[in-house]
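Residue numbers (the working numbering), protein chains in the order written: chain G, 1 to 206; chain H, 1001 to 1206; chain U, 2001 to 2206; chain C, 3001 to 3206. Even glycine gets a Cβ: it sits at the ideal position worked out from N, Cα and C. To start, the structure under review is shown below, and the notes come after it.
Number of protein chains: 4
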Amino acid sequence: MTGVRLKPDQRVAGLVAASRTLLAEVGYERFLPAELARRCGVSEATVYRYFPTKRELLVRVAEDWFEEVFVALEPGVTEHEDTYERLHYLVRYAVEVVRSEPTLTRYIFNELRPDPEFRSTAIYRLNRRFTGVVVALMRDAVARGEFRNDVRVELLRDMIFGAIEHQAWAYLRSEGDFSTEDTTDGITRVVYRGMAAGPPDDRRPR
Amino acid sequence: MTGVRLKPDQRVAGLVAASRTLLAEVGYERFLPAELARRCGVSEATVYRYFPTKRELLVRVAEDWFEEVFVALEPGVTEHEDTYERLHYLVRYAVEVVRSEPTLTRYIFNELRPDPEFRSTAIYRLNRRFTGVVVALMRDAVARGEFRNDVRVELLRDMIFGAIEHQAWAYLRSEGDFSTEDTTDGITRVVYRGMAAGPPDDRRPR
Amino acid sequence: MTGVRLKPDQRVAGLVAASRTLLAEVGYERFLPAELARRCGVSEATVYRYFPTKRELLVRVAEDWFEEVFVALEPGVTEHEDTYERLHYLVRYAVEVVRSEPTLTRYIFNELRPDPEFRSTAIYRLNRRFTGVVVALMRDAVARGEFRNDVRVELLRDMIFGAIEHQAWAYLRSEGDFSTEDTTDGITRVVYRGMAAGPPDDRRPR
Amino acid sequence: MTGVRLKPDQRVAGLVAASRTLLAEVGYERFLPAELARRCGVSEATVYRYFPTKRELLVRVAEDWFEEVFVALEPGVTEHEDTYERLHYLVRYAVEVVRSEPTLTRYIFNELRPDPEFRSTAIYRLNRRFTGVVVALMRDAVARGEFRNDVRVELLRDMIFGAIEHQAWAYLRSEGDFSTEDTTDGITRVVYRGMAAGPPDDRRPR
DNA sequence: AATGAATGAGGATTCATTCAT
DNA sequence: TATGAATGAATCCTCATTCAT
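Encoded structure:
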């Protein structure tokens, strides 16, 4: 039985793409290399020709995903001058990312992050690079006196990403409508107003 | 060899208690009924006499856990008059709960919530009841005009619990110090100041 | 499908016995737990209920075998006074052992001995105890001046057991007749005469 | 990407040479054609172009090895007049051969000899030719009355080669020192003295 | 009520070998 | 001639669950 003959790059790309879909559908534990092979029209052995283990394949999936996410993020980052606008832009972006692939997010959170080696992983750096943009923005705001200095920025980061993750899962379970706009606006407002130094800025909300 | 003969209630209680410990140690996937049986000094068959499946046993664990959490929460709720104080109390309580059993929290998040049936589950109701206290508090504040009305309270809830969970996991991985105080204060401040209507209330922070 | 229900000891005994036969037939690499299970009328899982790995099962086979061999050896050891007679008895015994289970011998030599941990193994001690009887006998003879002192007894041991192994394999391949008597007599004569001090002892060899 | 284009003879020679090294390193079971191909800088398919199966390739390795061994043996055979000297020379040579490639020796013993077809194999003839020199020497000695006639020469052969092999493996496992001299002297002495017809010849030992 | 023996259905990974280009 | 992609057939092991006693 001869499947289509592809060049390695194409095969790898196909495998990674199909893996992402499958992973998003069933999660790490129920991701079966056999099913992936079936979907790609190849044998399981072919999967193992390109990836030494299931784990490494799925790490690759995560890396590629982050890479894409990061590439798509950059253009817009400098577009916005003002802190509120930039924060809003970043939050919106994060919401869209998580919303489009909530299972991937959860996979990274559940399978990759608990690994003791996680911090020496490319994923860790990629993830850091992503959330780091948000952290940097807020640190800047603190440095310039625009934000108060009484809450750790890492906690703010966790409020943002934790909220997004929880919202996304409620959405997946069809419990809420999870409007990207509402979520983005809400998070941004709370964080901004909650941290803003000066007098209340009623420009922003509403 | 006959094991110790216990009354059903005691047996169930023992199984659930040991299950909670084990679940907290290893998580859902690596929770082996055989290991539970070993720890309780009974046979695997005895486990299955009281619980039809591993899943249902662990659902029961979650239910009992929530029950306890809720019972312990109540006394303090009415103790605090003022919105900021009550919010602070609730957040602190949530931080302590999650911190003491982060694996249980994640288990509920990962295994129970994704289930399509989740919303018709006792867990769902219990969870609702717990987070509902926070939601109710905030809804009240909105109703009384103390909080603005431009952010959904469910989003606020997710900011709070999402932040706590992310913080707890970073702590588990020894990435952050996760002071209960800092986390509680930070979250409360941001949410309160971010939602407070009227002029800035500098009493609160610091 | 219910197989016969046995007590653990019986089941283990049956498994070990069938394993010995199967191992003797096909050798370590082609020993399939699945085939063993089939022969015993149980599932593979049952095999793994009693033995954590294929390797440990087969180590157990070797241990039991050595144990039996050693038990059967002892009665006759003291029966013979004189060095030649005792050596002859021991060599004959070794020939019979190897002849009855040449594959087991080879398995121990090929699979178990190359293991870096071999020397800290029960098999090693058992094997040592067995060949040790021969070594002790010869060492004695050297000490009493009956044997010369110009050849290491370990080398003598290897001449004896090496010869037996090679003979047994030629026999297995039907290349030689491998008469137990001839082999025993031959080895004993060469070693005895080759090591005997003093004037030639023509009593012994014919 | 085209690999270097070699004449068939060169390619075969290169494959056989690399195979010998690899086989000596890892043994038959863990000899992977893929690894061989890697070491030779060719594709796996190229290996299969020249050898129909892994087995036949490794048979060829054994054949070439024996050929070399035999060629290197011959010059010295006639050099020694006297039986003891010739035996000593042959044993020494065998010790060196086995010592230099114990894995190859075992491979032949384990993989090739058990094959039912072995006796119609070139290896069989080659091996025969090699050990045959020793056998012939001893047969001669018997014929001339220098050796007794009460032990089969094939058994003597097995005592010699069996001893060497066992010594070599103990050495590989770092259990003995395996001095070439000691082993050679020991084996030669025992066999010679054990078989010598006349009065004890104390010239020899020491 | 309790158990100890038993298992069905996977499930990730390996490797000698093939064949279209 | 040479290859690079592809694979079929294993292979060891796991675990939630059942059932006769």
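Residues near residue i by beta carbon distance below 6 angstroms, same chain, minus five either side
i: Met-1195(H); result: Phe-1147, Arg-1148
i: Val-1004(H); result: none
i: Glu-2044(U); result: Pro-2033, Ala-2034, Ala-2037
i: Thr-121(G); result: none
Residue-chain proximity (residue i, chain H), Cβ-Cβ < 9 angstroms
i: Val-135(G); result: no
i: Leu-58(G); result: no
i: Arg-99(G); result: no
i: Pro-8(G); result: no
i: Glu-154(G); result: yes
Test: residue i CB closer than 9 angstroms to a CB of chain C
i: Arg-2193(U); result: yes
i: Met-2138(U); result: no
i: Ala-2024(U); result: no
i: His-2088(U); result: no
i: Ala-2170(U); result: yes
i: Glu-2063(U); result: no
i: Leu-2032(U); result: no
i: Arg-2055(U); result: no
i: Arg-2011(U); result: no
i: Arg-2119(U); result: yes
7 angstroms CB neighbourhood of residue i in its chain, flanking five on each side removed
i: Arg-3157(C); result: Thr-3131, Val-3134, Val-3135
i: Val-1091(H); result: Ile-1160, Thr-1184, Ile-1187, Thr-1188
i: Pro-2102(U); result: Ala-2168, Trp-2169, Leu-2172
i: Val-2151(U); result: Met-2195
i: Val-1061(H); result: Val-1016, Ser-1019, Arg-1020, Leu-1023
Identified DSSP bridge partners for residue i
i: Phe-147(G); result: Ala-196(G)
C-beta neighbour in chain G for residue i, strict 9 angstroms
i: Gln-1167(H); result: yes
i: Phe-1066(H); result: no
i: Gly-1014(H); result: no
i: Glu-1160(H); result: It is Ile, not Glu, that sits at residue 1160(H) in the sequence shown. Yes, Ile-1160(H) lies at the interface with chain G (some Cβ there is under 9 angstroms from its Cβ).
Closest by C-alpha distance to residue i, when choosing among the options
i: Glu-1074(H); options: Arg-1086(H), Glu-1063(H), Asp-1082(H); result: Arg-1086(H)
i: Gly-1162(H); options: Glu-1067(H), Ala-1062(H), Ile-1187(H); result: Ile-1187(H)
i: Leu-2036(U); options: Val-2047(U), Leu-2112(U), Glu-2063(U), Gly-2027(U); result: Val-2047(U)
i: Pro-2033(U); options: Val-2077(U), Lys-2054(U), Glu-2096(U); result: Lys-2054(U)
i: Glu-1111(H); options: Val-4(G), Ala-17(G), Tyr-28(G); result: Tyr-28(G)
i: Val-142(G); options: Val-191(G), Thr-105(G), His-88(G); result: Val-191(G)
i: Thr-207(G); options: Arg-193(G), Trp-65(G), Arg-11(G); result: Outside the shown range of chain G, which is 1 to 206, sits residue 207(G), and nothing can be said about it.
i: Phe-31(G); options: Pro-102(G), Glu-81(G), Leu-57(G); result: Leu-57(G)
i: Ala-3072(C); options: Ala-3062(C), Asp-3082(C), Val-3097(C), Tyr-3084(C); result: Val-3097(C)
i: Arg-3129(C); options: Leu-3023(C), Glu-3067(C), Val-3016(C), Ala-3024(C); result: Glu-3067(C)
i: Val-2042(U); options: Phe-2070(U), Gly-2076(U), Leu-2006(U), Thr-2021(U); result: Leu-2006(U)
i: Ala-94(G); options: Ile-164(G), Ala-197(G), Gly-198(G); result: Ile-164(G)
i: Asp-1182(H); options: Leu-155(G), Glu-181(G), Gly-198(G); result: Leu-155(G)
i: Glu-2063(U); options: Ser-2100(U), His-2088(U), Arg-2020(U); result: Arg-2020(U)
i: Gly-145(G); options: Tyr-50(G), Leu-126(G), Ala-197(G); result: Ala-197(G)
i: Val-3069(C); options: Asn-3127(C), Gln-3010(C), Asp-3009(C); result: Asn-3127(C)
i: Val-26(G); options: Pro-1008(H), Tyr-1107(H), Glu-1079(H), Pro-1114(H); result: Pro-1114(H)
9 angstroms Cβ cutoff, residue i in contact with chain U
i: Asn-3127(C); result: no
i: Glu-3029(C); result: yes
i: Asp-3082(C); result: no
i: Gly-3251(C); result: Residue coverage of chain C in this structure runs from 3001 to 3206, which leaves residue 3251(C) outside it and unanswerable.
i: Glu-3052(C); result: The displayed chain sequence assigns Pro, not Glu, to residue 3052(C). So no, Pro-3052(C) is outside the interface.
i: Ala-3163(C); result: yes
i: Arg-3173(C); result: yes
Cβ-based neighbour list, residue i, same chain, cut-off 8 angstroms, excluding 5 preceding and 5 following
i: Arg-2139(U); result: Val-2153
i: Phe-2118(U); result: Leu-2112, Tyr-2124
i: Gly-3014(C); result: Leu-3006, Cys-3040
i: Thr-1180(H); result: Arg-1092, Val-1095, Glu-1096, Arg-1099
i: Ile-2108(U); result: Ala-2062, Ile-2123, Asn-2127
Note down, in chain order, all residues in the region 180-191 of chain G with a beta-carbon under 9 angstroms from any beta-carbon belonging to chain H. Asp-182, Thr-183, Asp-185, Gly-186, Ile-187, Arg-189, Val-190, Val-191
When you check each C-beta in the region 1141-1152 of chain H against every C-beta of chain G, which residues fall closer than 9 angstroms? Those residues of the region 1141-1152 of chain H that come within reach of chain G (Cβ to Cβ, closer than 9 angstroms) are Arg-1148, Asp-1150, Val-1151, Arg-1152.
Against chain G, which members of the region 1099-1117 of chain H pass a CB distance test of less than 9 angstroms? Arg-1106, Phe-1109, Asn-1110, Arg-1113, Pro-1114, Asp-1115, Pro-1116
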